[in-house]
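One point on numbering: in our numbering, the residue at position 18 of the sequence shown is 20, and numbering is uninterrupted. These notes concern the structure reproduced below.
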Amino acid sequence: MVAIKLYDIETGHVETLTEVATAESARAWLASFGSGGIGANDVIYTTEITRPARPPLARVP
Numbered sequence: 003m004v005a006i007k008l009y010d011i012e013t014g015h016v017e018t019l020t021e022v023a024t025a026e027s028a029r030a031w032l033a034s035f036g037s038g039g040i041g042a043n044d045v046i047y048t049t050e051i052t053r054p055a056r057p058p059l060a061r062v063p
């Protein structure tokens, strides 16, 4: 999973815009988003989402 985030340089605010399954999906999303434009003080970036492993379920006898 890949998170696409927006960082506002002026305010320091970070917002997750969306989450996609693959890096290729992220590139496609960014290409379509980029046509709408972003502010001069905004940075769009991606990060890999790492979720902690779930503990095993308890077995009921």
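Idealized CB from N, CA, C, for every residue including glycine.
Residue environment, residue i, which counts as buried when at least 16 other CB atoms sit within 10 Å
| i | result |
| --- | --- |
| alanine 28 | buried |
| isoleucine 40 | exposed |
Enclosing beta strand (DSSP E) for residue i [first to last residue]
| i | result |
| --- | --- |
| alanine 5 | 4-10 |
| threonine 20 | 16-22 |
| alanine 48 | Checking the displayed sequence, the identity of residue 48 turns out to be threonine instead of alanine. Counting along the chain, the beta strand (DSSP E) containing threonine 48 begins and ends at 44-50. |
Top-ranked residue by Cα proximity to residue i, from the options
| i | options | result |
| --- | --- | --- |
| threonine 18 | Ile51, Arg56 and Gly41 | Ile51 |
| valine 45 | Ser34, Ala30, Met3 and Val16 | Val16 |
| threonine 13 | Ala42, Val4 and Thr48 | Ala42 |
| tyrosine 65 | Phe35, Tyr47 and Pro54 | Summary: the structure shown does not reach residue 65, with the chain confined to residues 3 through 63, and so no result is reported for it. |
Counterpart residues of residue i in DSSP-defined beta bridges
| i | result |
| --- | --- |
| valine 62 | Looking at the DSSP assignment, valine 62 forms no beta bridge with any residue, so it has no partner. |
The stretch 22-31 contacting the stretch 53-62, beta-carbon criterion three pairs below 8 Å: Contact between the stretch 22-31 and the stretch 53-62 is not established, with fewer than three Cβ pairs separated by less than 8 Å.
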